[in-house]
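Residue numbers (my numbering): 200 to 368. Ideal Cβ positions, reconstructed from N, Cα and C, are used throughout, including at glycine. The next block holds one structure in the form of structure tokens; read it before the comments.
Below, the structure is given as structure tokens:
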């Protein structure tokens, strides 16, 4: 069974990570199992040069796991450097959670909450040139007159209420 997914989107430096952190903490406090996916448009590295895991990947391992009693981490090379569709990633890795919160994926068809800061941008990503029908709410530091609910940028509890009512009830 694939869990519901809500994507937190915004322009860089707006506060996506901060909001996702608050939402995860609130969802966990309510007893939900939460998965998180961070989109990185660049070529990130979690291995560090010289470490055993890095050496195994450098040797040519297509999939490399680090495992311990506390956690598991995986480095898996994407064939032809193609990022798999987010739906495929969620189906493969998140079968044991109640909900997945993603950060980024602004061009996806997943339901979205946009983070808006007046000082960062006058326009919303999901309500400017393109009207994104997947926008379900905005977390903003200013009042907005738009066609979806607007929450205070720090109202993780209210946004969780929306997510629970819409996707977990």
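{"Item": "Please report the straight-line C-alpha distance between residue 266 and residue 251, rounded to a whole angstrom.", "Value": "12 Å"}
{"Item": "Can you tell me where the alpha helix (DSSP H) with residue 358 in it begins and where it stops?", "Value": "355-362"}
{"Item": "On the criterion of 16 or more Cβ atoms from any shown chain inside 10 Å, does residue 215 qualify as buried, or is it exposed?", "Value": "buried"}
{"Item": "Given a cut-off of 8 Å, decide if residue 312 and residue 201 are closer than it, judged by their beta-carbon atoms.", "Value": "no"}
{"Item": "According to DSSP, simplified to helix, strand and coil, what is residue 347?", "Value": "coil"}
{"Item": "Counting only the same chain and skipping the five closest in sequence on each side, list residues whose C-beta sits under 7 Å from that of residue 212.", "Value": "319"}
{"Item": "If you count every other CB in all the chains shown that lies within 10 Å of the CB of residue 335, and 16 or more means buried, which is it?", "Value": "buried"}
{"Item": "So what does residue 329 bridge to, in DSSP terms?", "Value": "According to DSSP, which records beta bridges pairwise, residue 329 is partnered with nothing at all."}
{"Item": "Can you give me the start and stop residues for the alpha helix (DSSP H) that residue 288 sits inside?", "Value": "285-292"}
{"Item": "Using 10 angstroms around the beta-carbon of residue 308, count the other beta-carbons present and answer buried if the total reaches 16, otherwise exposed.", "Value": "exposed"}
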